[in-house]
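Same order as they appear, the protein sequences are chains A and B.
Just so you know, the first sequence maps onto residues 70 to 217 in my numbering.
Just so you know, the second sequence maps onto residues 3 to 545 in my numbering.
Positions of the beta carbon are idealized from the N, C-alpha and C atoms, including for glycine.
Structure, as structure tokens:
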Amino acid sequence: MVERADNQSPPQAEGWHTNGEEPAVTLDAFLSQSNATAVRLEPDEDARALIPHLDRLALIEVAFPKFRDGRGYSSARILREAGYAGELRAQGDVLVDQIAYMKRCGFDSFAPEKDLNPADVEAALARWPEHYQGAADGAVPIWKLRHG
Amino acid sequence: MYKYDEYDHAMVAARVAEFSDQVKRRLAGEITEDQFKPLRLMNGLYLQLHAYMLRVAVPYGTLDGRQMRMLAHIARKYDRDYGHFTTRQNIQYNWIKLEDAPAILEDLASVEMHAIQTSGNCIRNISSDQWAGAAADEITDPRPWAELLRQWSSFHPEFSYLPRKFKIAVIAADEDRAAMRLHDIGIQIVEKDGRHGAAFYVGGGMGRTPMIAPLIKDFVPLDDMLSYAEACLRVYNRYGRRDNIYKARIKILIHELGAEEYRRQVEEEFAHVKSLGIDPPKAEFDRIAAQFASPPLDASASDAIDRSDPDFAVWVDQNVAAHKVPGHAIVNISLKPVGSIPGDASSAQIDLMADLAEKYSHDELRVTHAQNIVLPHVRKADLHVIWQELDAAGLATPNLDLISDIIACPGLDYCSLANARSIPVAQKIATRFSDLGRQKELGELKLKISGCINACGHHHAGHIGILGVDRKGTENYQLSLGGSGAEDVSLGTITGPGFDEDGIVDAVERVTDKYLAERADGERFVDTYRRIGMAPFKEAIYG
Numbered sequence: 070m071v072e073r074a075d076n077q078s079p080p081q082a083e084g085w086h087t088n089g090e091e092p093a094v095t096l097d098a099f100l101s102q103s104n105a106t107a108v109r110l111e112p113d114e115d116a117r118a119l120i121p122h123l124d125r126l127a128l129i130e131v132a133f134p135k136f137r138d139g140r141g142y143s144s145a146r147i148l149r150e151a152g153y154a155g156e157l158r159a160q161g162d163v164l165v166d167q168i169a170y171m172k173r174c175g176f177d178s179f180a181p182e183k184d185l186n187p188a189d190v191e192a193a194l195a196r197w198p199e200h201y202q203g204a205a206d207g208a209v210p211i212w213k214l215r216h217g
Numbered sequence: 003m004y005k006y007d008e009y010d011h012a013m014v015a016a017r018v019a020e021f022s023d024q025v026k027r028r029l030a031g032e033i034t035e036d037q038f039k040p041l042r043l044m045n046g047l048y049l050q051l052h053a054y055m056l057r058v059a060v061p062y063g064t065l066d067g068r069q070m071r072m073l074a075h076i077a078r079k080y081d082r083d084y085g086h087f088t089t090r091q092n093i094q095y096n097w098i099k100l101e102d103a104p105a106i107l108e109d110l111a112s113v114e115m116h117a118i119q120t121s122g123n124c125i126r127n128i129s130s131d132q133w134a135g136a137a138a139d140e141i142t143d144p145r146p147w148a149e150l151l152r153q154w155s156s157f158h159p160e161f162s163y164l165p166r167k168f169k170i171a172v173i174a175a176d177e178d179r180a181a182m183r184l185h186d187i188g189i190q191i192v193e194k195d196g197r198h199g200a201a202f203y204v205g206g207g208m209g210r211t212p213m214i215a216p217l218i219k220d221f222v223p224l225d226d227m228l229s230y231a232e233a234c235l236r237v238y239n240r241y242g243r244r245d246n247i248y249k250a251r252i253k254i255l256i257h258e259l260g261a262e263e264y265r266r267q268v269e270e271e272f273a274h275v276k277s278l279g280i281d282p283p284k285a286e287f288d289r290i291a292a293q294f295a296s297p298p299l300d301a302s303a304s305d306a307i308d309r310s311d312p313d314f315a316v317w318v319d320q321n322v323a324a325h326k327v328p329g330h331a332i333v334n335i336s337l338k339p340v341g342s343i344p345g346d347a348s349s350a351q352i353d354l355m356a357d358l359a360e361k362y363s364h365d366e367l368r369v370t371h372a373q374n375i376v377l378p379h380v381r382k383a384d385l386h387v388i389w390q391e392l393d394a395a396g397l398a399t400p401n402l403d404l405i406s407d408i409i410a411c412p413g414l415d416y417c418s419l420a421n422a423r424s425i426p427v428a429q430k431i432a433t434r435f436s437d438l439g440r441q442k443e444l445g446e447l448k449l450k451i452s453g454c455i456n457a458c459g460h461h462h463a464g465h466i467g468i469l470g471v472d473r474k475g476t477e478n479y480q481l482s483l484g485g486s487g488a489e490d491v492s493l494g495t496i497t498g499p500g501f502d503e504d505g506i507v508d509a510v511e512r513v514t515d516k517y518l519a520e521r522a523d524g525e526r527f528v529d530t531y532r533r534i535g536m537a538p539f540k541e542a543i544y545g
């Protein structure tokens, strides 16, 4: 199940779909073959290795084998900060209580191993009125709102 | 003091709503304890031996009378009429019901307080100098810097699932009253070319592998501070060990990489992060700093103290410190009466301290990492009446920094991690040394007790440290000497084989007797230890 949340409106139940997309290849495979457009990044792999190739990537899938392993949040921000504009997917042990932070770090799609309740997803993504700090989602931080 | 604006209020309200929803889903069985655990931890809720424990954040240890009174209210309404002030300048409640947690958080939010990030593998509550804004020796008030860091680190999307917890302390004086270099990041505000900036010490900590943080950057300008902190954290989040919980703190990463290589990686990351525009403008710092402006203190107030009451005079000499404004003083309220639980205070005592703050200390209180309370801005002329009120409430023990001013973790009486009890050992030592004349003869002597190797009782940093361990099913206590959490930071050394509960009290007494026999003029215990070394003490203990 892949859920897209790439616009500002919360995902709707009908937004859940299975893509008939090209399967993501491992980082090693991607770096050694020139035609893949989708890659899967494990927590211990360096997101910066992809930076020279961002133009030809349509999907980067960041693996979360355990929700407690937060390396993927840094990977996501690094990719967005480098200008990656394609789909950035969090896959694995992705829980409703993590997706708001994931979205802030630049993820725009979610492939949780265990299905999420769409209403919970909607509530979680709508939870935070503002944000204290800048991140990769383009949100205006509170300090900027205070000082215009 | 910092006052919330509409944004701060909205953020805390959102968190209360979120956690209420999470508790509801947990109580309904929709999420497992395994999934709930990191969520409740980020809201300060631990499952302990007997009940849930709630840890409430006191940012940089500062609070006002209204907030203090709310802490008493929570103790009275939801707990057993007392609270426990912690070595992280927070307060925790030991007997909380899960279903009450959302209501408690709402009560806290009504006075601009919360339990956000007081546990979990995230950036914890920022700690600071309990005399900030009042100390004669500070170059500036460190709290605006700490507040800037508090906001940056609150709900940080990238750093909420770190390899391990992350503690930051900020000070602005050479005298270190916050154990700054025993934090994951210790920041000292320093002056260079007429400007203030942050010296970053990174990779300190206690726990089972104590380390003193090395200096990573001697001067980070205010404009770069958050970017620099972000770079420090990003390197840690990416490369800190996650294979072993005991090796997951940043101190291990820096130890394994070396300070030089860690610095290189941080500098490289900083060069990139700085381009992202995450540092607020000076106007935001100024907005915050204005709220920490010194209260109106009358510098022409009398410096005279009527010392005709001898008990009062003893307390003044021990528990009152110099204020930067003439005619004023800093009052340190000891939560360590002989035989008590270090750091505990009843609802009535908490209310009284709130009253005194409102009446005599410009509505300010501080919590100290030594588990005491401070009234930072008191007129010397009011000291006697304050002392009388404290004394009537059992809060005037004149033992600040003496051997009975013990730091102790909750230990096996409460904590699910502990191997041994800490509280009874603290009580027995305080009782053994209850004679105040004897304590004063021993002078400054920081005794710290942890009930397990996680070192919440800071035993590594004790002039005398005690570590409770489990040895073949019985509680055993190891003794260490020569630690310090102050500007003369050092880690204690274990004396040798451990002791049982009574044996450790005897051993402490032999150590202090040896000190009295060996000390040179003006030497504190730790000075004598550093001069003569371990051997004479070992001989006195085991000989």
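Segment limits, beta strand (DSSP E) that includes residue i
i	result
S156/B	From DSSP, S156/B is part of no beta strand (DSSP E); its letter is neither H nor E.
T530/B	Premise fails: T530/B lies in the alpha helix (DSSP H), 527-534, not in any beta strand (DSSP E).
F340/B	Checking the sequence shown, residue 340/B turns out to be Val, not Phe. From DSSP, V340/B is part of no beta strand (DSSP E); its letter is neither H nor E.
Y230/B	That residue, Y230/B, is in no beta strand (DSSP E); its alpha helix (DSSP H) goes 227-241.
R57/B	54-58
H364/B	Element bounds for H364/B: n/a, residue is neither H nor E.
R266/B	Careful: R266/B lies outside any beta strand (DSSP E), inside the alpha helix (DSSP H) at 261-275.
Straight-line gap, residue i to residue j (C-alpha atoms, nearest Å)
i	j	result
A98/A	T106/A	11 Å
K540/B	E525/B	19 Å
E391/B	Q69/B	20 Å
E8/B	L150/B	17 Å
A303/B	G413/B	45 Å
A74/A	D124/A	Legend: pLDDT at A74/A = 49, less than 50; position of this residue unreliable, no value from coordinates given.
V222/B	A231/B	10 Å
Y544/B	T514/B	14 Å
S627/B	F176/A	Residue 627/B cannot be examined here, being either before or after the span of chain B that is shown, 3 to 545.
R42/B	Y80/B	17 Å
S482/B	K253/B	21 Å
G464/B	T495/B	10 Å
Y416/B	N96/B	7 Å
A193/A	D166/A	7 Å
A1/B	L438/B	The requested residue 1/B is not part of the displayed model; chain B covers only 3 to 545.
L447/B	S229/B	39 Å
R434/B	V528/B	20 Å
A82/A	P187/A	Note that A82/A scores a pLDDT of 33, beneath 50, so its modelled location is shaky and nothing firm can be said.
E274/B	I352/B	It should be noted that the sequence gives His, not Glu, for residue 274/B. Roughly 47 Å separates the two Cα atoms.
P198/A	I280/B	19 Å
R440/B	I466/B	17 Å
V108/A	K135/A	19 Å
A180/B	D184/A	46 Å
Buried/exposed call for residue i, threshold 16 Cβ in 10 Å
i	result
Y248/B	exposed
L449/B	buried
E156/A	buried
P378/B	buried
I191/B	buried
D195/B	exposed
Limits of the alpha helix (DSSP H) - the one that residue i falls within
i	result
G546/B	Nothing can be reported for residue 546/B, as the shown portion of chain B is limited to 3 through 545.
V113/B	Per DSSP, V113/B belongs to no alpha helix (DSSP H) and is neither H nor E.
S452/B	Unbroken run through S452/B is the beta strand (DSSP E), 449-452; no alpha helix (DSSP H).
H461/B	Per DSSP, H461/B belongs to no alpha helix (DSSP H) and is neither H nor E.
K169/B	Careful: K169/B lies outside any alpha helix (DSSP H) and carries neither H nor E.
I168/A	168-173
D472/B	That residue, D472/B, is in no alpha helix (DSSP H); its beta strand (DSSP E) goes 466-473.
Open item on the list: Using a Cβ-Cβ cutoff of 8 Å, what residues of the segment 231-259 of chain B are near chain A? List them in chain order.
Closed with: Within the segment 231-259 of chain B, the residues whose Cβ lies closer than 8 Å to some Cβ of chain A are R236, N239, R240, R244, listed in chain order.
Open item on the list: Can you pull out the residues from the segment 184-214 of chain A whose beta carbon lies closer than 9 Å to at least one beta carbon of chain B?
Closed with: Hits within the stretch, in order: N186, D189, A192, A193, R196, W197, P198, E199, H200, Y201, Q202, G203, A204, A205, D206, P210, I211, W212, K213, L214.
- [ ] Mind checking the segment 144-174 of chain A against chain B and listing, in chain order, the residues whose C-beta falls within less than 7 Å of any C-beta there?
- [x] Residues passing the 7 Å Cβ filter: R146, E150, L164, D166, Y170, R173, C174.
TODO: Kindly confirm or deny that the segment 282-291 of chain B and the segment 353-370 of chain B touch, where touching means at least three C-beta pairs closer than 8 Å.
DONE: No contact exists between the segment 282-291 of chain B and the segment 353-370 of chain B.
Open item on the list: Taking 8 Å as the cut-off, does the segment 304-318 of chain B touch the segment 26-39 of chain B (at least 3 CB pairs, one atom from each stretch)?
Closed with: No: the two stretches stay apart, fewer than three of their Cβ pairs being nearer than 8 Å.
TODO: Could you list the residues in the segment 143-164 of chain B with a C-beta less than 7 Å from some C-beta on chain A, going in chain order?
DONE: Of all residues in the segment 143-164 of chain B, Q153, W154, S156, F157, H158, P159, E160, S162, Y163, L164 have a Cβ within less than 7 Å of some Cβ in chain A.
Open item on the list: Against chain A, which members of the segment 49-83 of chain B pass a CB distance test of less than 9 Å?
Closed with: Flagged: no residues at all.
Open item on the list: Contact between the segment 197-204 of chain B and the segment 152-164 of chain B is defined here as three or more beta-carbon pairs at a separation below 8 Å; is this criterion met?
Closed with: At 8 Å Cβ cutoff, the stretches do not touch.
TODO: Output, in sequence order along the chain, the residues in the segment 273-294 of chain B whose CB is closer than 8 Å to any CB in chain A.
DONE: Listed by position along the chain: H274, L278, G279, I280, P282, P283, A285, E286, R289.
TODO: Return the residues of the segment 29-50 of chain B that lie within a Cβ-Cβ distance of less than 7 Å from chain A, sorted by chain order.
DONE: Of all residues in the segment 29-50 of chain B, Q37, P40, L41 have a Cβ within less than 7 Å of some Cβ in chain A.
Open item on the list: With three or more beta-carbon pairs closer than 8 Å as the criterion, would you say the segment 498-507 of chain B touches the segment 418-432 of chain B?
Closed with: Contact between the segment 498-507 of chain B and the segment 418-432 of chain B is present, because at least three Cβ pairs lie under 8 Å.
Open item on the list: Is it the case that the segment 130-144 of chain B contacts the segment 170-179 of chain B, given that we only count it when at least three CB pairs across the two stretches are under 8 Å?
Closed with: Three or more beta-carbon pairs drawn from the segment 170-179 of chain B and the segment 130-144 of chain B are found closer than 8 Å, and the two stretches are therefore classed as touching.
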